[in-house]
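A short write-up of the structure that comes next.
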Amino acid sequence: MTHCINCGEDIAGDADVCPECGVNQSTKLEGGHGERSADEKYCVNCGALVNKQAELCPDCGVEQPALGRSAGADSDQMVAGILALLLGGLGAHKFYQGRVGLGLLYLCFFWTAIPALLGLIEGILILVADPQEYEEKYADGDVLGA
Amino acid sequence: MPTDRTDRDLRAGLAEGWRATRPYLLSHHVPADHDRCYALAVGDRRVRLCARCAGIYPGIVAGIVAFALGAPHTLAALGAPAAPDAVALALVAVLPAPALLDWTATAFTDRAGLNPVRTATGALLGAGYGLGLGRLFVAGDVRVLAVGLAYGLLAVALLAARDGS
Numbered sequence: 000m001t002h003c004i005n006c007g008e009d010i011a012g013d014a015d016v017c018p019e020c021g022v023n024q025s026t027k028l029e030g031g032h033g034e035r036s037a038d039e040k041y042c043v044n045c046g047a048l049v050n051k052q053a054e055l056c057p058d059c060g061v062e063q064p065a066l067g068r069s070a071g072a073d074s075d076q077m078v079a080g081i082l083a084l085l086l087g088g089l090g091a092h093k094f095y096q097g098r099v100g101l102g103l104l105y106l107c108f109f110w111t112a113i114p115a116l117l118g119l120i121e122g123i124l125i126l127v128a129d130p131q132e133y134e135e136k137y138a139d140g141d142v143l144g145a
Numbered sequence: 000m001p002t003d004r005t006d007r008d009l010r011a012g013l014a015e016g017w018r019a020t021r022p023y024l025l026s027h028h029v030p031a032d033h034d035r036c037y038a039l040a041v042g043d044r045r046v047r048l049c050a051r052c053a054g055i056y057p058g059i060v061a062g063i064v065a066f067a068l069g070a071p072h073t074l075a076a077l078g079a080p081a082a083p084d085a086v087a088l089a090l091v092a093v094l095p096a097p098a099l100l101d102w103t104a105t106a107f108t109d110r111a112g113l114n115p116v117r118t119a120t121g122a123l124l125g126a127g128y129g130l131g132l133g134r135l136f137v138a139g140d141v142r143v144l145a146v147g148l149a150y151g152l153l154a155v156a157l158l159a160a161r162d163g164s
């Protein structure tokens, strides 16, 4: 179990979206919600209100996930392509595109060199695509644009 | 591709990508799964280290060293018989199995698992992988690729089953 970053409710540990408030758990929070002010978020572990920039919860010490973009939100094509080419083995382009699960998969299998190969291919595909093709096929972070 | 981007925008975007990646570099898990990590005190910070990978990487090194020590010319020079190729291939095939079984048990049941077990099975997995690297690239044993493909397909199937459940 974990706490929603927006409303603090208990949600499933693998939930991408809070069933209570509907907020994507990896998105950047905008504005306040209920007791949470605009520059705060809820700790995913203990539910305490912490600074939105906090990397560690001061109450329980648990590391907080970086709040980036939600999957499919505006990601820069060139940034995604360069991250894929240079740090694809670490899944950096997936984390950038809001696909935390896929990024973790790349990290966990880094030692096989397969993520690096996938990153190289994805980086080339992303950089040679025209903007519309990028938005349609690659912006959501699916592997090889599938 | 859009050309109205400035260098500063590009650097800012790359920095954003790095910031999104950095929290997971050693933990390999979201905070809700940090029980699968070791919590190490580094200065005044707590660093999470994936328990499985804490065994995999040293295991790979051990596997490569073991291959080097087990290479026929090395053992022959030391006066010991070389391990048959079949034994070496069997080790490559069998050593990763405990890690796969342990991961499957914790992914599909309510078992929380134990981090020392994750590390130990990760070390065996890494050793098998390191041995396999030696068998493939030095001894030219392409059967290692078949073993790797089998485990890869099995892993993909299990991941798909887990995500679908």
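These protein sequence lines map, in sequence, to chains U and E.
Heads up: the first sequence begins at 0 in numbering that gives the first Met the number 0, then just goes up one per residue.
Heads up: the second sequence begins at 0 in numbering that gives the first Met the number 0, then just goes up one per residue.
Using N, Cα and C, we set each Cβ at its ideal position, and we do this for glycine too.
If you're wondering where the values come from, they're calculated on a predicted model, not measured in any experiment.
Range of the contiguous alpha helix (DSSP H) that encloses residue i
| i | result |
| --- | --- |
| Glu-15/E | 6-20 |
| Lys-93/U | 91-95 |
| Val-127/U | 113-127 |
| Cys-49/E | Segment 44-49 is the beta strand (DSSP E) holding Cys-49/E; no alpha helix (DSSP H) there. |
| Tyr-150/E | 142-163 |
| Tyr-128/E | 114-136 |
| Ala-98/E | 96-107 |
| Val-64/E | 52-69 |
| Leu-106/U | 99-107 |
| Val-93/E | 84-93 |
| Val-78/U | 76-86 |
Residue nearest to residue i in terms of C-alpha spacing, selected from the options
| i | options | result |
| --- | --- | --- |
| Val-64/E | Leu-152/E, Gly-125/E, Tyr-150/E, Asp-162/E | Gly-125/E |
| Glu-34/U | Gly-46/U, Ile-120/U, Pro-130/U | Gly-46/U |
| Val-142/U | Gly-122/U, Pro-130/U, Val-43/U | Gly-122/U |
| Ala-85/E | Leu-148/E, Leu-130/E, Asp-162/E, Pro-97/E | Leu-130/E |
| Pro-97/E | Arg-35/E, Leu-68/E, Ile-55/E | Ile-55/E |
| Asp-75/U | Ala-11/U, Ile-125/U, Gly-102/U, Ala-37/U | Ile-125/U |
| Asn-114/E | Asp-43/E, Gly-16/E, Ala-14/E, Ala-53/E | Ala-53/E |
| Ala-92/E | Asp-109/E, Ala-119/E, Leu-123/E, Ala-82/E | Leu-123/E |
| Phe-108/U | Thr-20/E, Ala-19/E, Ala-154/E | Ala-154/E |
| Val-99/U | Ala-14/U, Thr-1/U, Cys-3/U | Ala-14/U |
| Phe-66/E | Leu-152/E, Gly-112/E, Phe-136/E, Gly-78/E | Phe-136/E |
| Leu-119/U | Gln-52/U, Lys-40/U, Ala-91/U | Ala-91/U |
| Ala-160/E | Val-146/E, Gly-112/E, Thr-108/E | Thr-108/E |
| Ala-104/E | Ala-19/E, Leu-157/E, Tyr-37/E | Leu-157/E |
| Asp-9/U | Asn-44/U, Ser-36/U, Gly-80/U | Asn-44/U |
| Gln-131/U | Ala-83/U, Ala-53/U, Asp-73/U, Asp-38/U | Asp-73/U |
| Gly-163/E | Leu-100/E, Gly-139/E, Ala-106/E | Ala-106/E |
Cβ pair residue i, residue j closer than 8 angstroms
| i | j | result |
| --- | --- | --- |
| His-27/E | Val-61/U | no |
| Pro-30/E | Gln-63/U | yes |
| Leu-177/E | Arg-45/E | Outside the displayed span of chain E (0 to 164) sits residue 177/E, for which this structure offers no information. |
| Val-78/U | Leu-148/E | no |
| Leu-106/U | Tyr-23/E | yes |
| Val-149/U | Asn-5/U | This structure does not reach residue 149/U, given that chain U is present from 0 up to 145, and the question cannot be answered. |
| Glu-128/U | Tyr-137/U | Inspection of the sequence shows that residue 128/U is occupied by Ala rather than by Glu. Contact flag set, yes. |
| Gly-87/U | Ala-112/U | no |
| Asp-20/E | Leu-55/U | It should be pointed out that residue 20/E corresponds to Thr in this sequence rather than to Asp. Not a contact, by the Cβ cut-off of 8 angstroms. |
| Lys-93/U | Gly-140/U | yes |
| Glu-15/E | Tyr-133/U | no |
| Ala-50/E | Arg-117/E | yes |
| Gly-121/E | Leu-94/E | no |
| Cys-20/U | His-32/U | yes |
| Leu-25/E | Arg-47/E | yes |
| Leu-13/E | Leu-82/U | yes |
Any chain E beta carbon closer than 8 angstroms to residue i
| i | result |
| --- | --- |
| Gln-52/U | no |
| Gln-131/U | no |
| Glu-156/U | This structure gives no information on residue 156/U, because the portion of chain U shown stretches from 0 to 145. |
| Leu-106/U | yes |
| Asp-9/U | no |
| Ile-4/U | no |
| Val-43/U | yes |
| Ile-123/U | no |
| Leu-48/U | no |
| Tyr-95/U | yes |
| Leu-116/U | no |
| Ala-91/U | yes |
| Ile-120/U | no |
| Leu-103/U | yes |
| Leu-143/U | no |
| Asp-75/U | yes |
Test: residue i CB closer than 8 angstroms to a CB of chain U
| i | result |
| --- | --- |
| Gly-163/E | no |
| Ala-156/E | no |
| Gly-42/E | no |
| Arg-45/E | yes |
| Thr-20/E | yes |
| Leu-13/E | yes |
| Gly-131/E | no |
| Gly-16/E | yes |
| Leu-9/E | yes |
Beta strand (DSSP E) segment containing residue i, residue limits
| i | result |
| --- | --- |
| Ala-38/E | 36-41 |
| Lys-40/U | 39-41 |
| Asn-50/U | 48-50 |
(request) Residues of the region 47-64 of chain E with a CB closer than 9 angstroms to any CB of chain U: list them in chain order, please. (result) For the region 47-64 of chain E, the beta-carbon criterion of a distance under 9 angstroms to any beta-carbon of chain U is satisfied by Arg-47, Cys-49, Arg-51, Cys-52, Ile-55, Tyr-56, Ile-59.
(request) Scan the region 23-36 of chain E for residues whose Cβ lies nearer than 8 angstroms to a Cβ of chain U and list them as they occur along the chain. (result) Tyr-23, Leu-24, Ser-26, His-27, His-28, Val-29, Pro-30, Ala-31, Asp-32, His-33
(request) Determine which residues of the region 18-34 of chain U have a Cβ less than 7 angstroms from any Cβ of chain E, and write them out in chain order. (result) none
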